[in-house]
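**Q** Numbering (the numbering used here), first residue to last: 11 to 331.
Here you go, one structure.
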């Protein structure tokens with residue numbers, strides 16, 4: 011009896027296991043069938059939550075951009091034309107684009123170099139320390155500080171009657187504005203532009219510098235490489251895409267900035283101010299809708315710059331994983 015009972019139990023065990031397997035399989039299938047619509051429902055709700063942002067982008071960014079650019083391809087009677095593109099050959103337009111390129115490049119290079127040095131100094135501090143937190147917060151605020159407030163701050167500091175200007179005249183008899191207000195020229199705009207370019211460089215380049223792993227330096231030292239060799243062969247090549255990408259972002263930021271320049275310069279000299287002049291006055295160069303043509307030129311430049319920035323950021327992201 012005992013042997014028979016044991017045999018019966020052994021025979022029943024596979025049957026019980028098979029029963030459990032077959033009973034679990036429909037449960038899994040049912041769970042998948044129930045979870046599928048639930049996941050799809052969550053995805054639909056998530057897309058629905060993006061509707062206000064999509065409407066904002068469409069109404070306040072996409073539609074105005076299309077209207078502004080498209081207006082450059084119509085004449086005064088509303089007929090399509092490419093004749094307005096002749097504005098790019100006008101000397102005043104070429105001067106405006108040259109001024110924008112020079113201003114953006116100068117402020118981007120100066121801001122990138124100073125910002126990289128600041129990032130290198132911040133890397134030696136504790137990420138959760140008080141000084142690091144204060145500098146990160148200040149960079150986030152100052153990167154967005156511009157317009158009339160920034161212009162007024164520099165007018166009160168280094169303007170014709172600014173505090174620093176009057177002190178230099180009284181103490182050292184040095185008057186930087188003797189031949190005119192330097193701050194109110196396109197080269198003078200480099201100074202306030204650098205003010206918000208440096209914090210932007212800190213925000214964009216610091217994550218890349220933090221992505222440099224200490225193990226790389228230790229491995230290089232183990233193989234007999236000096237610190238200079240490590241930075242020349244490993245550190246700088248790894249950081250180069252992030253640095254050049256940040257530099258392009260700073261260039262795009264300076265190229266599209268308007269409010270600070272408009273508060274300091276009344277006439278043209280850069281493309282955004284030339285567009286304002288075309289919108290607020292009569293046609294200057296004998297063509298219609300020149301503002302739309304200049305906006306089209308700015309969009310082309312920004313598309314090229316941001317395309318290069320995207321490629322460099324994709325390359326830099328490989329080392330930050």
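Where a beta carbon is used, it is the ideal one built from N, C-alpha and C, also for glycine.
Can the beta-carbon of residue 306 be found closer than 7 Å to that of residue 77?
**A** Counting from 1 along the chain shown, the entry for residue 306 is found at position 296. Counting from 1 along the chain shown, the entry for residue 77 is found at position 67. No, these two residues do not count as a Cβ contact at 7 Å.
**Q** By the three-class DSSP mapping on this structure, what secondary structure does residue 90 have?
**A** Along the chain shown, read from residue 1 onward, the residue named residue 90 stands at position 80. It is a strand residue.
**Q** List the DSSP bridge partners of residue 84.
**A** As a first step, residue 84 must be located in the chain shown, where it is residue number 74. Beta-bridge pairing links residue 84 to 90.
**Q** What are the boundary residues of the alpha helix (DSSP H) that includes residue 194?
**A** Within the chain shown, the letter at position 184 stands for residue 194. Neither: residue 194 is in no alpha helix (DSSP H) and is coded neither H nor E.
**Q** Secondary structure at residue 237, three-state DSSP: helix, strand or coil?
**A** The sequence position of residue 237 within the chain shown is 227, counting from 1. Secondary structure at residue 237: helix, using DSSP grouped into helix, strand and coil.
**Q** Residues in its own chain within less than 7 Å of residue 271 by CB, not counting five upstream and five downstream?
**A** On the chain shown, position 261 is the one that residue 271 refers to. Result list for residue 271: 199, 280, 282, 283, in chain order.
**Q** Output needed for residue 82: all residues of its chain with C-beta closer than 6 Å, excluding positions within five of it in sequence on either side, in chain order.
**A** As a working mapping, residue 82 is identified with position 72 in the chain shown. For residue 82, where only same-chain residues beyond five positions count, the Cβ hits under 6 Å are 94, 299, 302, 303, 306.
**Q** Verify whether the separation of the beta carbon atoms of residue 233 and residue 319 is less than 7 Å.
**A** As a working note, residue 233 is residue 223 in the chain shown. As a working note, residue 319 is residue 309 in the chain shown. Not in contact: residue 233 and residue 319 (Cβ atoms no closer than 7 Å).
**Q** Apply the 10 Å Cβ neighbour rule to residue 159 and answer buried if 16 or more other Cβ atoms are within range, or exposed otherwise.
**A** Stepping through the chain shown from its first residue, residue 159 is reached at position 149. Looking at its Cβ environment, which holds fewer than 16 other Cβ atoms inside 10 Å, residue 159 is exposed.
**Q** Hey, how far is the Cα of residue 152 from the Cα of residue 275?
**A** Here residue 152 refers to the residue found at position 142 when the chain shown is read from its first residue. Here residue 275 refers to the residue found at position 265 when the chain shown is read from its first residue. Straight-line Cα distance between these residues: approximately 22 Å.
**Q** Any idea if residue 141 is buried or exposed, counting beta-carbon neighbours within 10 angstroms, 16 or more meaning buried?
**A** Along the chain shown, read from residue 1 onward, the residue named residue 141 stands at position 131. Answer is exposed; the Cβ neighbour count stays below 16.
**Q** With a floor of 4 residues, list each alpha helix (DSSP H) that falls wholly inside the region 169-233, ordered by position along the chain.
**A** Look at the region 169-233 and you find these whole runs of alpha helix (DSSP H), each 4 residues long or longer: 173-182, 200-220, 224-232.
**Q** May I ask which residues mark the beginning and end of the alpha helix (DSSP H) holding residue 72?
**A** As a first step, residue 72 is located in the chain shown; it is residue number 62 there, counting from the start. Where residue 72 is concerned, there is no enclosing alpha helix (DSSP H), given that its DSSP letter is neither H nor E.
**Q** CB residue 118 to CB residue 261, shorter than 7 Å?
**A** Locating residue 118 in the chain shown gives position 108, counting from the first residue. Locating residue 261 in the chain shown gives position 251, counting from the first residue. Yes. Within cutoff.
**Q** Check for me: the alpha helix (DSSP H) holding residue 124 runs from which residue to which?
**A** The sequence position of residue 124 within the chain shown is 114, counting from 1. 101-132 is the extent of the alpha helix (DSSP H) around residue 124.
**Q** Counting pairs of beta carbons, one from the region 226-243 and one from the region 207-216, are three or more of them closer than 8 Å?
**A** Not touching, per the Cβ criterion.
**Q** Count the other C-beta atoms from every protein chain shown that fall within 10 angstroms of the C-beta of residue 156, then say buried if there are 16 or more, exposed otherwise.
**A** By 1-based counting over the chain shown, the position of residue 156 is 146. By the Cβ neighbour-count rule, residue 156 is buried, with 16 or more other Cβ atoms within 10 Å of its own.
**Q** Out of curiosity, what's the CA-to-CA distance linking residue 112 and residue 59?
**A** Position 102 of the chain shown, counting from 1, holds the residue named residue 112. Position 49 of the chain shown, counting from 1, holds the residue named residue 59. Counting only the Cα atoms, residue 59 lies some 42 Å from residue 112.
**Q** For residue 277, does the count of other Cβ atoms within 10 angstroms reach 16, so buried, or fall short, so exposed?
**A** Stepping through the chain shown from its first residue, residue 277 is reached at position 267. Exposed, because fewer than 16 other Cβ atoms sit within 10 Å of the Cβ of residue 277.
**Q** For residue 204, collect the residues of the same chain with a Cβ closer than 8 Å to its Cβ; drop the 5 residues on either side in sequence, then sort them by chain order.
**A** What you label residue 204 is simply residue 194 of the chain shown in a count that begins at 1. Setting aside the 5 residues that flank it on each side, residue 204 is surrounded in the same chain by 117, 120, 121, 124, each with a C-beta closer than 8 Å to its C-beta; the list follows chain order.
**Q** Return the CA-CA distance between residue 89 and residue 291, expressed in angstroms with no decimal places.
**A** Here residue 89 corresponds to residue number 79 of the chain shown, with the count starting at 1. Here residue 291 corresponds to residue number 281 of the chain shown, with the count starting at 1. If I take the Cα positions, the gap works out to 22 Å.
**Q** Determine the closest residue to residue 171 out of 191, 255, 126, 248, with distance taken between C-alpha atoms.
**A** Taking the chain shown and counting its residues from 1, one reaches residue 171 at position 161. When only C-alpha atoms are compared, the closest one is 191.
**Q** What separation, rounded to the nearest whole angstrom, lies between the Cα atoms of residue 143 and residue 132?
**A** Along the chain shown, read from residue 1 onward, the residue named residue 143 stands at position 133. Along the chain shown, read from residue 1 onward, the residue named residue 132 stands at position 122. About 10 Å.
**Q** Rank 245, 216, 215 by C-alpha distance to the C-alpha of residue 225 and give the top, closest one.
**A** On the chain shown, position 215 is the one that residue 225 refers to. Of the candidates 245, 216, 215, the one whose C-alpha sits nearest the C-alpha of residue 225 is 245.
**Q** Report yes if the CB atom of residue 215 is closer than 7 Å to the CB atom of residue 114, and no otherwise.
**A** The residue labelled residue 215 in the question sits at position 205 within the chain shown. The residue labelled residue 114 in the question sits at position 104 within the chain shown. The criterion of a C-beta distance shorter than 7 Å is not satisfied by residue 215 and residue 114.
**Q** Once the 5 residues before and after residue 22 are set aside, which same chain residues still bring their CB inside 8 Å of it?
**A** Within the chain shown, numbered from 1, the residue matching residue 22 stands at position 12. Below a pLDDT of 50, predicted positions are generally treated as unreliable, and residue 22, at 45, falls in that range; the measurement from the model is reported next regardless. Counting only Cβ-Cβ distances below 8 Å, and skipping sequence neighbours, we find nothing.
**Q** Measuring only the C-alpha atoms, how far is residue 128 from residue 217?
**A** One-based indexing of the chain shown puts residue 128 at position 118. One-based indexing of the chain shown puts residue 217 at position 207. Taken atom to atom, the span from the alpha-carbon of residue 128 to that of residue 217 is near 13 Å.
**Q** Flag residue 184 as yes if its beta-carbon sits less than 7 Å from any beta-carbon of chain D, otherwise no.
**A** Within the model displayed, chain D is absent; a lone protein chain is all it includes.
**Q** I'd like the list of long-range same chain contacts for residue 187, defined as Cβ closer than 7 Å, with 5 residues on each side in sequence excluded.
**A** Translated into positions along the chain shown, residue 187 becomes position 177. Same-chain partners within the cutoff: 170, 175.
**Q** Given that a residue counts as buried once 16 or more other Cβ atoms are within 10 Å of its Cβ, and exposed if not, what is residue 255?
**A** For this step, residue 255 is matched to residue 245 along the chain shown. Residue 255 should be labelled buried.
**Q** Taking buried to mean at least 16 other C-beta atoms within 10 Å of its own C-beta, is residue 109 buried or exposed?
**A** As a working mapping, residue 109 is identified with position 99 in the chain shown. Here residue 109 is buried. Its C-beta has 16 or more other C-beta atoms within 10 Å.
**Q** Quick check on residue 142: does DSSP put it in helix, strand or coil?
**A** Walking along the chain shown from the start, residue 142 turns up at place 132. DSSP places residue 142 in helix when its eight states are reduced to three.
**Q** How should residue 253 be labelled, buried or exposed, when 16 other C-beta atoms within 10 angstroms of its C-beta is the threshold for buried?
**A** Looking up residue 253 in the chain shown gives position 243. The residue is buried, with at least 16 neighbouring Cβ atoms inside 10 Å.
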